[in-house]
Amino acid sequence: MTEQVTLNVLEGVDFDDEGYMTDPNDWSKEIAEALAAHEGISLTEAHWNVIEFCRQSATESGSAPTLRQITNGSGVSTKELFALFPKGPAKKVAKISGLGKPEGCV
Amino acid sequence: MTDNNRKMAFICSKGNLDMAYPALIMGWAALGNGIDVTLFFTFWGLDLIRDSRVDHLEIPPLANTSMKMTMMGIPGDNLGIPNIMGALPGMTAFATTLMKKKMTELEVPPVREYMQMLVDAGAELYGCKMSVDMMNLTMDDFIPGVKDIVTASEFMDLTEGAQVIFI
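Right, here's the structure in full:
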């Protein structure tokens, strides 16, 4: 995805100071692709499984899932999750999934 | 937002159940923030990585002035456990059971599982050479994921540039 396309997709999307989308309803798969590219991640099916789980989980609970909630709920192991979204997976997935910052210590 | 080179090292020197969690919780949070994490286990802290001990960590109510019943899930405001009570047989097991129950309620994993999560997330675990020698232990005594037994000096090399937290 070129930088120009990325910019177009994200045009008009609101983010908070830390880079999380303010309204999860504005999210689309194209936005996810653009945000992932910004994080240096190219989305594969394994990424999408995690993203879909997080979107679903957030719809039910009202907030982005923590690391452990993701591994417990999606069946993806801790190792895989850190490989898919290196350096802080829960926060990265939340960003890419258009959700707020995950809260909770585990 | 997060500096990619940020590193944190936790020195775990205590083997009581309540002292196992600070490094696990902060270490996990650090990994979740993209920070590199090293854990160094010394003296009683070795219990946290000893295969035969990690599932049997306990919290003694004796000589612990912070140990109020409220903290352990029993309602009331300032009901302390008198030391003489803490010395009674079974009190340590009682306090341990209450703490484990509380942690389970909060969905905090047991120490062994939590330690494995940290390893899987990329944390590096090391045992302290002098303590290991003193207690006649070898790598075989440790849970999977412990990388090596290192000297204090090697630990200094490993944690160059890291923020070090002593627990």
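Sequence lines, in order, name chains A and B.
When we follow the working numbering, the leftmost residue of the first sequence carries the number 440, and every step to the right adds one.
When we follow the working numbering, the leftmost residue of the second sequence carries the number 898, and every step to the right adds one.
From the three backbone atoms N, C-alpha and C, an ideal C-beta is built for every residue, glycine too.
Range covered by the alpha helix (DSSP H) that runs through residue 940 of chain B: Taking the second sequence and counting its residues from 1, one reaches residue 940 of chain B at position 43. Element bounds for residue 940 of chain B: n/a, residue is neither H nor E.
From the DSSP output, which residues share a beta bridge with residue 905 of chain B? On the second sequence, residue 905 of chain B is found 8 positions in, with the first residue counted as 1. Beta-bridge annotation (DSSP): residue 905 of chain B is paired with B/934 and B/1060.
On the DSSP bridge list, what partners appear for residue 1046 of chain B? Residue 1046 of chain B sits at position 149 when you count from the first residue of the second sequence. Answer is B/1024.
So the candidates are B/994, B/980 and B/1057; which of them puts its Cα closest to the Cα of residue 963 of chain B? Indexing the second sequence from 1 puts residue 963 of chain B at position 66. The shortest C-alpha separation from residue 963 of chain B is found at B/980.
Let me make sure I understand the geometry here. Which of B/995, B/1046 and B/906 has the alpha-carbon closest to that of residue 934 of chain B? Counting from 1 along the second sequence, the entry for residue 934 of chain B is found at position 37. Among B/995, B/1046 and B/906, the Cα nearest to that of residue 934 of chain B belongs to B/906.
Sequence-distant residues of its chain with Cβ nearer than 6 Å to residue 453 of chain A (five each side left out): Residue mapping note: residue 453 of chain A aligns to position 14 of the first sequence, counting from 1. In its chain, beyond the 5 residues on either side, 461 have a beta carbon closer than 6 Å to the beta carbon of residue 453 of chain A.
Measuring CA to CA, which of A/535, A/483, A/545 and A/516 is closest to residue 467 of chain A? Counted from its first residue, the first sequence places residue 467 of chain A at position 28. Of the listed residues, the one whose Cα sits closest to residue 467 of chain A is A/535.
Kindly list, in the order they appear in chain B, the residues whose Cβ is closer than 7 Å to that of residue 544 of chain A. Taking the first residue of the first sequence as 1, we reach residue 544 of chain A at position 105. Those are 922 and 926, listed as they occur along chain B.
In chain A, which residues lie less than 8 Å from residue 1017 of chain B when you measure between Cβ atoms? If you number the second sequence from 1, residue 1017 of chain B lands on position 120. By Cβ distance, chain A contributes 516, 517, 518 and 521.
Compare the Cα-Cα distances from residue 530 of chain A to each of A/449, A/498 and A/493 and report the closest residue. The count along the first sequence starts at 1 and reaches residue 530 of chain A at position 91. Residue 530 of chain A has its Cα closest to that of A/493, out of A/449, A/498 and A/493.
Within 7 Å (strictly less), CB to CB, does residue 1042 of chain B reach chain A? The residue given as residue 1042 of chain B occupies position 145 in the second sequence. Not closer than 7 Å to any Cβ of chain A, the Cβ of residue 1042 of chain B fails to qualify, so no.
Once you ignore the five residues that flank residue 513 of chain A on each side, which residues in its own chain have a CB closer than 7 Å to its CB? The count along the first sequence starts at 1 and reaches residue 513 of chain A at position 74. Within the same chain, residue 513 of chain A has close Cβ partners 488, 489 and 492.
Residue 524 of chain A - DSSP class collapsed to helix/strand/coil: Within the first sequence, the letter at position 85 stands for residue 524 of chain A. Looking at residue 524 of chain A - three-state DSSP - the assignment turns out to be coil, as it is neither helix nor strand.
Give the C-beta separation of residue 943 of chain B and residue 1028 of chain B to the nearest angstrom, bearing in mind that I take them to be a contact with Cβ-Cβ under 8 Å. The count along the second sequence starts at 1 and reaches residue 943 of chain B at position 46. The count along the second sequence starts at 1 and reaches residue 1028 of chain B at position 131. Residue 943 of chain B to residue 1028 of chain B, Cβ: 6 Å. Contact.
Suppose contacts are defined by Cβ-Cβ distances below 7 Å. Is residue 959 of chain B in contact with residue 920 of chain B by that definition? Locating residue 959 of chain B in the second sequence gives position 62, where the first residue counts as 1. Locating residue 920 of chain B in the second sequence gives position 23, where the first residue counts as 1. When the beta-carbon positions are compared, residue 959 of chain B and residue 920 of chain B stay at least 7 Å from each other.
Within the continuous alpha helix (DSSP H) that includes residue 1033 of chain B, where are the two ends? By one-based count along the second sequence, residue 1033 of chain B stands at place 136. In the DSSP assignment, residue 1033 of chain B falls outside any alpha helix (DSSP H) and carries neither an H nor an E.
Taking the alpha-carbon of residue 940 of chain B as reference, which of B/1011, B/1048, B/1057 and B/931 has the nearest alpha-carbon? Counted from its first residue, the second sequence places residue 940 of chain B at position 43. The residue with the shortest Cα to Cα distance from residue 940 of chain B is B/1048.
Label residue 915 of chain B either buried or exposed according to how many other C-beta atoms from any shown protein chain fall within 10 Å of its C-beta, with 16 as the threshold for buried. Working through the second sequence from its first residue, we reach residue 915 of chain B at position 18. Answer is buried; the Cβ neighbour count reaches 16.
Cα-Cα separation between residue 1011 of chain B and residue 542 of chain A, rounded to whole angstroms: Here residue 1011 of chain B is taken as the residue at index 114 of the second sequence, counted from 1. Here residue 542 of chain A is taken as the residue at index 103 of the first sequence, counted from 1. Taking the straight line joining both Cα atoms gives about 18 Å.
Does DSSP put residue 494 of chain A in a helix, in a strand, or in coil? Here the question's residue 494 of chain A lines up with position 55 in the first sequence. Here residue 494 of chain A carries a helix assignment [DSSP, helix/strand/coil].
Name the residues in the stretch 997–1015 of chain B whose C-beta lies less than 9 Å from a C-beta of chain A; which are they? 1003, 1004, 1005, 1006, 1011, 1013, 1014 and 1015
Let me check you understand the geometry: is the CB of residue 545 of chain A closer than 6 Å to at least one non-hydrogen atom of the ligand GDP? With respect to small molecules bound, the structure shown includes none, and the ligand GDP cannot be examined in it.
Exposure label - residue 996 of chain B; buried when at least 16 CB within 10 Å: Residue numbering aside, residue 996 of chain B sits at position 99 when the second sequence is read from its first letter. Buried, by the Cβ-count rule.
Is the Cβ of residue 474 of chain A closer than 7 Å to any Cβ of chain B? To locate residue 474 of chain A, count along the first sequence from 1; it is residue 35. No, residue 474 of chain A lies away from the interface with chain B (no Cβ there is under 7 Å from its Cβ).
Alpha carbon to alpha carbon, how far is residue 986 of chain B from residue 1059 of chain B? Give it in angstroms, no decimals. Translated into the one-based positions of the second sequence, residue 1059 of chain B becomes position 162. Translated into the one-based positions of the second sequence, residue 986 of chain B becomes position 89. Going by the C-alpha atoms only, they are around 43 Å apart.
Excluding five sequence neighbours on each side, which residues of the same chain lie with their C-beta closer than 6 Å to the C-beta of residue 989 of chain B? Here the question's residue 989 of chain B lines up with position 92 in the second sequence. Here the set comprises 955 and 957.
Close Cβ partners of residue 507 of chain A (< 7 Å) along its chain, the five nearest in sequence each way excluded: One-based indexing of the first sequence puts residue 507 of chain A at position 68. So the list reads 545, once near-sequence residues are dropped.
Determine whether the Cβ of residue 902 of chain B lies closer than 7 Å to any Cβ atom of chain A. Along the second sequence, read from residue 1 onward, the residue named residue 902 of chain B stands at position 5. Output row for residue 902 of chain B: interface = no.
Of the choices B/993, B/911, B/902 and B/929, whose alpha-carbon is the least far from that of residue 1017 of chain B? For this step, residue 1017 of chain B is matched to residue 120 along the second sequence. Of B/993, B/911, B/902 and B/929, the residue nearest in Cα terms is B/929.
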